[in-house]
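Student: Count along the sequence shown from 1, add 1036, and you get the number used in this note's numbering.
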Amino acid sequence: MDLWKRLAALPAVASPPDARYAVLVPIYVDSDGTDRIIFTRRPEHMRTHPGDVVFPGGGREAGEDAIATALREAWEEIRLPPENVVEVLGGLTPVTTRSRTTLIVPVVARIERPDELVPDPAEVHSIIEPPVDHLLDETRWVSRDFHGYDLWFYEFEEGTLWGATAFMVRELLGHLREEQDTRHET
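#1: Grouping DSSP H, G and I as helix and E and B as strand, with all else coil, what is residue 1222?
#2: Smallest Cα separation from residue 1096: which of 1196, 1056, 1112 and 1168?
#3: Could you compute how far the alpha carbon of residue 1198 sits from the alpha carbon of residue 1191?
#4: From 1196, 1045 and 1139, pick the residue whose C-alpha is nearest to that of residue 1088; which is it?
#5: Looking at residue 1155 and residue 1163, is the spacing between their C-beta atoms short of 9 Å?
#6: In terms of residue numbering, what span does the alpha helix (DSSP H) encompassing residue 1059 cover?
#7: Please tell me whether residue 1106 has its Cβ less than 9 Å away from any Cβ of chain B.
#8: On a CA-only basis, which of 1058, 1174, 1091 and 1159 is nearest residue 1165? Give me that one, please.
#9: Based on DSSP bridge pairs, tell me the residues matched to residue 1176.
#10: For a test of the three-state rule: what should DSSP assign to residue 1217, helix, strand or coil?
#11: Would a C-beta distance cut-off of 9 Å place residue 1126 and residue 1053 closer than the cut-off?
#12: Only counting the same chain, and skipping five residues up and downstream in sequence, which positions put a Cβ closer than 6 Å to that of residue 1174?
#13: Please name the residue or residues paired with residue 1140 in a DSSP beta bridge.
#14: Measuring CA to CA, which of 1049, 1039 and 1145 is closest to residue 1123?
#15: Give the DSSP bridge partners of residue 1188, in chain order.
#16: If you check the beta carbons only, do residue 1193 and residue 1079 fall under 9 Å apart?
#17: Please classify residue 1084: is it buried, with 16 or more other beta-carbons within 10 angstroms of its beta-carbon, or exposed?
#18: I need the boundaries of the alpha helix (DSSP H) containing residue 1108, first residue and last residue.
#19: Is residue 1202 helix, strand or coil by DSSP?
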């Protein structure tokens, strides 16, 4: 799969003034040629979203836009050097969490994975790097009705992807499938 061509049509990164948070959606090609996405699992001691599988990210600091926040947070949480971000591909729709007051901007980027990622134990329990193809496999996803809405879940050995992060991933996968479907029609 040529992931990069498929993601070329992503919209620009949104930076609404009320978006106080941003996450990095880091995607890379491993040494075997497999496309992978990096997630983290939050420690159980966290005040918010303990144990959740999420993207590296956090709160904006003064003067930052969403991209700067996502890059800084990825460095702080997993020691992903900003210079390893090869290209910001675009953004996904800003989403809220359970609180409905926390607007998060997803920043999708192609990265060169450093030899070592180091989780900050204060914020990251573990790093999860699944193949994109596994996430594209609909048989691995579970949907539950939540007041008339689909609430999606994806199980890793390390934890469960769900909520706002699952929404972001499903949108990303939709971009991949949309491009894939378009290519099959011609």
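Using N, Cα and C, we set each Cβ at its ideal position, and we do this for glycine too.
Tutor: Let me lay it out:
#1: Unreliable positioning characterises residue 1222 in this predicted model, as indicated by a pLDDT of 40, which lies under 50. A coordinate reading is not provided.
#2: Selected option, being the one with the closest Cα: 1056.
#3: Residue 1191 has its alpha-carbon roughly 9 Å from the corresponding atom of residue 1198.
#4: Nearest of 1196, 1045 and 1139 to residue 1088, Cα basis: 1196.
#5: The Cβ atoms of residue 1163 and residue 1155 lie closer than 9 Å to each other.
#6: Unbroken run through residue 1059 is the beta strand (DSSP E), 1057-1065; no alpha helix (DSSP H).
#7: Absent from the structure: chain B. Only one protein chain is present.
#8: Nearest option by C-alpha distance: 1091.
#9: DSSP, once it has assigned bridges, lists no residue as partnering residue 1176.
#10: With a pLDDT of 48 at residue 1217, under the threshold of 50, the modelled position of this residue cannot be trusted, and the question is left open.
#11: It is not a contact, given that the beta carbons lie outside the stated cut-off.
#12: The answer is none, since no qualifying residue turns up.
#13: By DSSP's assignment, residue 1140 forms a beta bridge with 1057 and 1131.
#14: Measuring from the Cα of residue 1123, the nearest candidate turns out to be 1145.
#15: Paired residues: 1179.
#16: Not closer than 9 Å, so no.
#17: With fewer than 16 Cβ atoms within 10 Å of its Cβ, residue 1084 is classed as exposed.
#18: Where residue 1108 is concerned, the enclosing alpha helix (DSSP H) stretches over 1102-1114.
#19: It is helical.
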